[in-house]
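Be aware that the first sequence starts at 3, since it is given in this note's numbering, and climbs by one per residue.
C-beta atoms are modelled at their ideal positions from N, C-alpha and C, and glycine is treated no differently.
Predicted, not measured: the structure shown is a model, and the values here were computed from it.
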Amino acid sequence: MSSKGIVKRSEDFSKWYNELVTKADLAEHSDVRGCMIIKPYGYAIWEKIKDQLDIMFKETGHQNAYFPLFIPKSYLSKEADHVEGFAKECAVVTHYRLKNAEDGSGVIVDPDARLEEELIVRPTSETIIWNTYKKWIQSYRDLPILVNQWANVVRWEMRTRLFLRTSEFLWQEGHTAHATKNEAVEETEKMLGVYAQFVEEHMAIPVLKGLKTENERFAGAEETYCIEALMQDGKALQAGTSHFLGQNFAKAFDVTFADKEGKKNHVWATSWGVSTRLMGALIMTHSDDKGLILPPKLAPIQVVIVPIYKSQEQLQEISDFALQLKKELELLNISVRYDDDDNKKPGWKFAEYEMKGVPLRIAVGPRDLENNTVELARRDDLSKNTVSQDNLSSTLLKLLDQIQKDLFSKASTFLKKNTSFASTIEEMNKILNSKGGFVEAYWNGDSKTEQKIKELTKATIRCIPLTKSSNGKCILTGDLNSKKVVFARAY
RNA sequence: CGGGGUGUAGCGUAGCCCGGUUAUCGCGCCUCGUUUGGGACGAGGAGGUCGCAAGUUCGAAUCUUGCCACCCCGACCA
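Dropping the structure here:
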């Protein structure tokens with residue numbers, strides 16, 4: 003149960019985030035370092051995210067499958083860059099049995115039960131999937147393979163934050179195999195588009211689409227595409243990635259196919275994923291000092307009805323009205339909660355549903371029944387109006403749609419306002435230290451330059467935008483003919 | 001993994017420096033009654049391995065050592 007209020011964003015943004023996650027009943031820390039318990043309300047939001055993405059994946063021709071949690075250690079070492087990228091954060095299974103300690107102190111690992119080949123808990127599944135695809139693919143007729151899996155993965159993190167970075171997290175990973183480079187690149191770009199569309203239309207979060215630099219690229223990828231979102235504190239958050247893997251994994255796992263002429267070729271690959279980190283993006287994009295603000299499309303409860311009454315007779319009348327309204331709204335696929343809990347006063351409920359981000363709240367009292375009205379409050383702008391009961395369902399339906407749009411346009415305005423241009427390092431630092439946000443600047447394309455800028459500004463290149471722009475003068479080296487990229491301090 | 005901080009009831013806390021009856025207060029929880037248009041009020045009640053473990057001591061929430069967890073700042077990452 004939540005006690006009053008949370009710290010203000012302006013006072014301590016990190017603390018605000020942590021308190022919000024806890025008090026809105028989204029998640030809590032487990033006793034295992036770096037792991038989280040996603041509570042029913044938080045999981046309900048994740049399920050909405052998951053369900054919608056799943057529909058979109060299937061619309062683009064993908065099928066779900068499931069690959070094992072455990073990966074033989076030897077698989078991971080097959081692709082050099084890949085192992086380099088993940089080795090430092092892998093959990094390893096070395097034994098398969100426990101036994102009672104002889105001194106009665108509890109259970110211990112049975113030293114006689116050591117695994118011959120140790121198993122890695124998947125940090126991502128490229129290796130085990132490509133080891134499998136080898137068996138699935140012989141001819142061009144077997145291609146493309148368009149598979150997705152919903153799974154948990156483990157990356158042993160030093161510093162964790164609920165949803166943003168946890169040692170175990172939930173995600174989906176798409177893994178596709180193609181006969182041609184073009185087709186694989188198209189797939190990579192298509193799925194980036196799916197992510198961008200989902201995040202913008204359903205989460206109401208505007209994103210930048212772009213390419214990662216070599217430094218920021220996925221270990222084992224030829225090219226990493228990403229969508230980047232901007233949080234209210236001016237820091238960027240990578241919301242999704244889509245990788246063109248070239249033939250790296252096909253070569254590492256010897257996956258070839260016979261083309262129409264009977265010639266053997268290595269298969270072209272992609273992988274793409276979004277994780278429970280999206281929950282963090284959702285929270286930090288829209289919410290305010292009163293708590294969570296959810297876009298209607300992802301809200302587990304879209305409308306809450308709170309009765310206001312003195313006598314049991316009044317409650318009965320209000321309940322009749324409320325339950326009828328609930329039924330009508332549910333026919334329109336609007337999820338409704340009627341909260342007639344007698345132990346909580348209306349004021350308490352108002353604050354509670356604000357904390358939980360319920361988009362619309364209806365309060366009904368005796369006065370409303372007399373006047374054929376209800377009190378209607380919007381969570382996003384905190385406005386409150388008395389509206390007629392006539393056509394109430396369609397009023398609410400329209401309003402939910404409006405809120406979805408307003409949240410997106412508000413976030414878009416914020417993104418635009420907080421996108422700046424810098425032509426010198428000093429300028430960039432000045433911007434980053436005051437309002438933060440995205441800073442566009444020219445960069446000569448050299449990793450060392452990127453590294454140096456990072457040291458000087460703590461900002462990384464979030465992406466090289468897909469939209470082409472004219473070249474200019476590198477912010478660090480002054481090289482002419484440099485391309486425009488987007489910097490930010492990031493999560 | 002480096003630097004700093006915190007850990008006392010479900011949550012937030014006082015006490016710790018300077019060891020000494022029964023560990024403080026608020027919220028929440030349970031019972032009864034009155035209440036209900038922005039986090040109600042009264043009366044009664046329950047709830048504690050003082051993060052864990054060792055040590056010092058006649059005696060430890062308090063002192064010492066080790067460990068664990070969390071938070072903040074760095075390095076690494078989705």
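Secondary structure of residue 398, DSSP reduced to three states:
As a working mapping, residue 398 is identified with position 396 in the first sequence. Residue state, collapsed to three classes: helix.
Could you tell me the alpha carbon to alpha carbon distance between residue 491 and residue 238, rounded to whole angstroms?
In the first sequence, residue 491 corresponds to position 489, counting from 1. In the first sequence, residue 238 corresponds to position 236, counting from 1. Approximately 6 Å between the Cα atoms of the pair.
Report the start-end ranges of each beta strand (DSSP E) in the segment 419 to 459 that is 3 residues or longer and not cut off at the edges.
421 to 423, 440 to 445
I think residue 443 touches residue 389, with their Cβ atoms under 8 Å apart; what is that distance to the nearest whole Å?
Position 441 of the first sequence, counted from the start, is the residue given in the question as residue 443. Position 387 of the first sequence, counted from the start, is the residue given in the question as residue 389. Not really, about 49 Å apart at Cβ, beyond 8 Å.
Counting C-beta neighbours from all protein chains within 10 Å, is the total for residue 305 16 or more, i.e. buried, or is it exposed?
Sequence index remark: in the first sequence, residue 305 carries index 303 (1-based). Answer is buried; the Cβ neighbour count reaches 16.
If you check the beta carbons only, do residue 206 and residue 406 fall under 8 Å apart?
Walking along the first sequence from the start, residue 206 turns up at place 204. Walking along the first sequence from the start, residue 406 turns up at place 404. Cβ atoms of residue 206 and residue 406: closer than 8 Å.
Are there 16 or more other CB atoms within 10 angstroms of the CB of residue 66, so buried, or fewer, so exposed?
Indexing the first sequence from 1 puts residue 66 at position 64. With fewer than 16 other Cβ atoms within 10 Å, it is exposed.
With distances taken between CB atoms, is the gap from residue 489 to residue 469 smaller than 8 Å?
Translated into positions along the first sequence, residue 489 becomes position 487. Translated into positions along the first sequence, residue 469 becomes position 467. It is not a contact, given that the beta carbons lie outside the stated cut-off.
Going by the beta-carbon positions, is the gap between residue 46 and residue 302 smaller than 8 Å?
For the purposes of this step, residue 46 is taken as residue 44 along the first sequence, with counting starting at 1. For the purposes of this step, residue 302 is taken as residue 300 along the first sequence, with counting starting at 1. Result yes, Cβ atoms of residue 46 and residue 302 sit closer than 8 Å.
Can you give me the C-alpha to C-alpha distance between residue 112 and residue 122, rounded to a whole angstrom?
Numbered from 1 along the first sequence, position 110 holds the residue referred to as residue 112. Numbered from 1 along the first sequence, position 120 holds the residue referred to as residue 122. Whole-angstrom Cα-Cα distance: 19 Å.
Are the Cβ atoms of residue 276 and residue 257 separated by less than 8 Å?
Here residue 276 refers to the residue found at position 274 of the first sequence. Here residue 257 refers to the residue found at position 255 of the first sequence. In terms of Cβ geometry, residue 276 and residue 257 do not form a close pair [threshold 8 Å].
My assumption, with CB atoms under 8 Å, is that residue 211 sits in contact with residue 194. Please give the rounded CB distance.
Counted from its first residue, the first sequence places residue 211 at position 209. Counted from its first residue, the first sequence places residue 194 at position 192. The Cβ separation is near 6 Å, so the contact holds.
Start-to-end residues for the alpha helix (DSSP H) that takes in residue 357:
In the first sequence, counting from the first residue as 1, residue 357 sits at position 355. Start and end: 348 to 357.
Have a look at residue 10 and residue 63 and give me their C-alpha separation to the nearest angstrom.
Counting from 1 along the first sequence, the entry for residue 10 is found at position 8. Counting from 1 along the first sequence, the entry for residue 63 is found at position 61. Between residue 10 and residue 63, the C-alpha separation is close to 45 Å.
Along the alpha helix (DSSP H) that carries residue 76, what are the first and last residues, could you check?
Here residue 76 corresponds to residue number 74 of the first sequence, with the count starting at 1. Where residue 76 is concerned, the enclosing alpha helix (DSSP H) stretches over 75 to 78.
Out of 209, 250, 198, 236, point me to the one whose CA is closest to residue 223's CA.
The residue you call residue 223 lines up with position 221 of the first sequence. Comparing Cα positions, the closest option is 250.
Same chain only: Cβ atoms within 6 Å of residue 50, ignoring 5 sequence neighbours per side
Walking along the first sequence from the start, residue 50 turns up at place 48. Contacts found: 300.
Just to confirm my understanding: we take residue 150, look at its own chain, exclude 5 residues before and 5 after, and list those with CB closer than 6 Å. What are they?
One-based indexing of the first sequence puts residue 150 at position 148. 59, 64, 66, 174, 176.
Does the segment 353 to 368 come within contact of the segment 291 to 298, defined as at least 3 CB pairs closer than 8 Å?
yes
Mind checking which residues open and close the beta strand (DSSP E) that includes residue 142?
To locate residue 142, count along the first sequence from 1; it is residue 140. Premise fails: residue 142 is in no beta strand (DSSP E) and is neither H nor E.
If you measure between the beta carbons of residue 382 and residue 343, is that distance less than 8 Å?
The count along the first sequence starts at 1 and reaches residue 382 at position 380. The count along the first sequence starts at 1 and reaches residue 343 at position 341. Not in contact: residue 382 and residue 343 (Cβ atoms no closer than 8 Å).
Under a Cβ-count criterion, where at least 16 other Cβ atoms within 10 Å of its own Cβ denotes burial, should residue 280 be classed as buried or exposed?
As a position in the first sequence, residue 280 is number 278, starting the count at 1. That one is buried.
Can you check which of these residues, 341, 483, 61, 449, is closest to residue 216 by C-alpha distance?
Here residue 216 corresponds to residue number 214 of the first sequence, with the count starting at 1. Cα-wise, what sits closest to residue 216 is 449.
In angstroms with no decimal places, state the Cα-to-Cα distance between residue 148 and residue 485.
For the purposes of this step, residue 148 is taken as the residue at position 146 of the first sequence. For the purposes of this step, residue 485 is taken as the residue at position 483 of the first sequence. Cα to Cα, the separation comes out at about 34 Å.
Is the Cβ-Cβ distance between residue 324 and residue 271 less than 8 Å?
Taking the first residue of the first sequence as 1, we reach residue 324 at position 322. Taking the first residue of the first sequence as 1, we reach residue 271 at position 269. No, these two residues do not count as a Cβ contact at 8 Å.
Could you round the C-beta distance between residue 27 and residue 41 to whole angstroms and report it? I think they count as a contact, below 8 Å.
Along the first sequence, read from residue 1 onward, the residue named residue 27 stands at position 25. Along the first sequence, read from residue 1 onward, the residue named residue 41 stands at position 39. That belief holds up - the Cβ atoms of residue 27 and residue 41 are roughly 5 Å apart, short of 8 Å.
From residue 181 to residue 129, what does the alpha carbon distance come to, in whole angstroms?
Counting from 1 along the first sequence, the entry for residue 181 is found at position 179. Counting from 1 along the first sequence, the entry for residue 129 is found at position 127. Each residue's alpha carbon lies about 19 Å from the other.
Tell me which same chain residues have a C-beta within less than 7 Å of the C-beta of residue 330, skipping the five on either side of it?
For this step, residue 330 is matched to residue 328 along the first sequence. Around residue 330: 395.
Residue 237 - partner residues in DSSP beta bridges
Here the question's residue 237 lines up with position 235 in the first sequence. Beta-bridge pairing links residue 237 to no other residue.
In chain order, what residues of the same chain have a beta carbon less than 6 Å from the beta carbon of residue 482, not counting five sequence neighbours either side?
Reading the first sequence from its first residue, position 480 is the one you call residue 482. Result list for residue 482: 475, in chain order.
According to the neighbour-count rule (16 or more other Cβ atoms, all chains shown, within 10 Å of its Cβ), is residue 5 buried or exposed?
On the first sequence, position 3 is the one that residue 5 refers to. With a pLDDT of only 47 at residue 5, under the threshold of 50, the placement of this residue in the model should not be trusted; the figure read from the coordinates follows. Exposed: under 16 other Cβ atoms inside 10 Å.
Per DSSP, what are the beta-bridge partners of residue 272 in this structure?
Taking the first sequence and counting its residues from 1, one reaches residue 272 at position 270. Paired residue(s): 178, 246.
Taking the alpha-carbon positions, what's the residue 435 to residue 420 distance?
Taking the first sequence and counting its residues from 1, the one referred to as residue 435 is at position 433. Taking the first sequence and counting its residues from 1, the one referred to as residue 420 is at position 418. Between residue 435 and residue 420, the C-alpha separation is close to 12 Å.
Helix, strand or coil, according to DSSP, for residue 3 in the structure here?
On the first sequence, position 1 is the one that residue 3 refers to. Summary for residue 3: the model assigns pLDDT 35, below 50, so the residue's position carries little reliability, and this model does not support an answer.
Can you grab the Cα-Cα spacing for the pair residue 317 / residue 309, in whole Å?
Here residue 317 is taken as the residue at index 315 of the first sequence, counted from 1. Here residue 309 is taken as the residue at index 307 of the first sequence, counted from 1. Near 7 Å, if we compare the C-alpha coordinates of residue 309 and residue 317.
Mapping DSSP to helix, strand and coil, what is residue 304?
Start at 1 with the first residue of the first sequence, and residue 304 comes out as number 302. Coil at residue 304, not helix or strand.
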